[in-house]
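Each residue of the sequence shown is one higher than the one before, starting from 141 at the first, in our numbering.
Quick reminder that beta carbons are idealized off the backbone N, C-alpha and C, glycines included.
Since this is a predicted model, take the numbers as computed values, not measurements.
Notes follow once the structure below has been shown.
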Amino acid sequence: MARTRIPPLAAGVAAGLAVVVAAACWVVFPPETTGRALAARPDVDLPLPWPAEGQSSAEVQNLGSLGSRGEQRPVPIASVTKVMTAYVILKDHPLGAGETGPEITVDEQAEAESTSAEESSAPVRAGRRFSERDLLALMLIPSGNNVARLLARWDAGSQDAFVAKMNREAAALGMTSTTYTGASGVEDSTTSTAADQLRLAREVMKHPVIRAIVATPSLRIDGVPGTVVNTNTLLGRDGVIGLKTGSSTAAGGALMWAARAGNGALILGVVLQQRPGGSPGAGLRAVLETSATLIAAIQRELPAAGR
Numbered sequence: 141m142a143r144t145r146i147p148p149l150a151a152g153v154a155a156g157l158a159v160v161v162a163a164a165c166w167v168v169f170p171p172e173t174t175g176r177a178l179a180a181r182p183d184v185d186l187p188l189p190w191p192a193e194g195q196s197s198a199e200v201q202n203l204g205s206l207g208s209r210g211e212q213r214p215v216p217i218a219s220v221t222k223v224m225t226a227y228v229i230l231k232d233h234p235l236g237a238g239e240t241g242p243e244i245t246v247d248e249q250a251e252a253e254s255t256s257a258e259e260s261s262a263p264v265r266a267g268r269r270f271s272e273r274d275l276l277a278l279m280l281i282p283s284g285n286n287v288a289r290l291l292a293r294w295d296a297g298s299q300d301a302f303v304a305k306m307n308r309e310a311a312a313l314g315m316t317s318t319t320y321t322g323a324s325g326v327e328d329s330t331t332s333t334a335a336d337q338l339r340l341a342r343e344v345m346k347h348p349v350i351r352a353i354v355a356t357p358s359l360r361i362d363g364v365p366g367t368v369v370n371t372n373t374l375l376g377r378d379g380v381i382g383l384k385t386g387s388s389t390a391a392g393g394a395l396m397w398a399a400r401a402g403n404g405a406l407i408l409g410v411v412l413q414q415r416p417g418g419s420p421g422a423g424l425r426a427v428l429e430t431s432a433t434l435i436a437a438i439q440r441e442l443p444a445a446g447r
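Right, here's the structure in full:
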């Protein structure tokens, strides 16, 4: 079969058009760098002391994004997972601001797990009944892993069935880089990004019950010895009003936080992977320190952005 010869001039024009089209596509659909998406320009560009390691994201309600730092790739998030657990529980079993909800009986598994030396837990005893709100508090404030799994079984019959709900909610919120494999976060296979968890923070802070619980520094609950103390020691500093800590060897320190600006605006942020590979305690101290520095700077710089 004879080949059709393309005239040199036509070939040159075609090549030129290809270059123009490629350049246009580069602008409209920018490429990704290896393993890392190009960072979007923040809506509010402030000179902030972002953590030097890991990944972080922050925003101001009704003002916009403060930006993100670090490679937004899925990493273990430890007990920050419990925020989604609370979100699913309250979606399935809603509570009004002053309601405590149904009573839930502690099973033998939750009691057996309460003495674990390998993970955080709450001291609950089999047969004891607690309100839904009290169990949410025992999960979110002292970070009781056993209580997270108890709530999952109560809600869905098994932790696996509950995890399926968690992943459906994550997908519905557009958390495309998130995978939940347990209700407590003890599994290193539960992974997410700071940007994804910021989407969740935005949703949960609309809920008055979650807002009230995560703002509580300490409390006493009938049937639990002593005082229940919040693992988030930033509460009350620089306008901080919540949310949830997480720490493990793989995750390092993780923190989803919420604060009020001087004008009342809600500031939300997530910091992940602070000193991973070390002790959970060292990771927790690191994430609280770096987050405190970041929050204080936002509080300091934000008024100037509005002028």
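Tell me the DSSP secondary structure of residue i in three-state form.
{"i": "Lys384", "result": "strand"}
{"i": "Gln201", "result": "coil"}
{"i": "Thr319", "result": "strand"}
{"i": "Leu359", "result": "strand"}
{"i": "Met306", "result": "helix"}
{"i": "Arg400", "result": "strand"}
{"i": "Val184", "result": "coil"}
{"i": "Ile350", "result": "helix"}
Using the rule of at least 16 other Cβ atoms within 10 Å of the residue's Cβ for burial, across every protein chain shown, is residue i buried or exposed?
{"i": "Thr333", "result": "buried"}
{"i": "Leu404", "result": "Note that residue 404 is Gly in the sequence shown here, rather than Leu. When all chains shown are included, Gly404 counts as exposed."}
{"i": "Val369", "result": "exposed"}
{"i": "Ser196", "result": "buried"}
{"i": "Ile438", "result": "buried"}
{"i": "Gln249", "result": "exposed"}
{"i": "Arg339", "result": "buried"}
{"i": "Gly194", "result": "buried"}
{"i": "Asn372", "result": "buried"}
{"i": "Trp166", "result": "Because the pLDDT of Trp166 is 35, which lies under 50, any placement of that residue in the model is unreliable, and the number read from its coordinates should be weighed accordingly. That one is exposed."}
{"i": "Ser387", "result": "buried"}
{"i": "Thr255", "result": "exposed"}
Who are the Cβ neighbours of residue i in its own chain at under 7 angstroms, not counting the five residues just before and after it?
{"i": "Trp294", "result": "Ile244"}
{"i": "Arg351", "result": "Met345 and Gly382"}
What does a CB cutoff of less than 6 angstroms around residue i pick up in its chain, not counting 5 residues either side in sequence?
{"i": "Glu259", "result": "Asn285 and Val326"}
{"i": "Gly409", "result": "Ala198 and Trp397"}
{"i": "Arg209", "result": "Trp190 and Ser196"}
For residue i, verify whether its CB is less than 7 angstroms away from any heavy atom of the ligand HEM.
{"i": "Leu290", "result": "This structure simply doesn't include the ligand HEM, nor any ligand for that matter."}
Leaving aside the five residues before and after residue i along the sequence, list all residues of the same chain whose C-beta is less than 8 angstroms from its C-beta, in chain order.
{"i": "Leu230", "result": "Leu276, His347, Val349 and Ile350"}
Entirely enclosed alpha helix (DSSP H) segments - the region 209 to 258, minimum 4 residues: Whole alpha helix (DSSP H) segments, 4+ residues: 222 to 232 and 248 to 253.
Touching by the beta-carbon criterion (3+ pairs, under 8 angstroms), the region 263 to 282 and the region 297 to 309: No, because fewer than three Cβ pairs between the region 263 to 282 and the region 297 to 309 fall closer than 8 angstroms, the two stretches do not touch.
Contact between the region 310 to 328 and the region 219 to 236 (3+ Cβ pairs under 8 angstroms): Cβ pair count under 8 angstroms is three or more, so yes.
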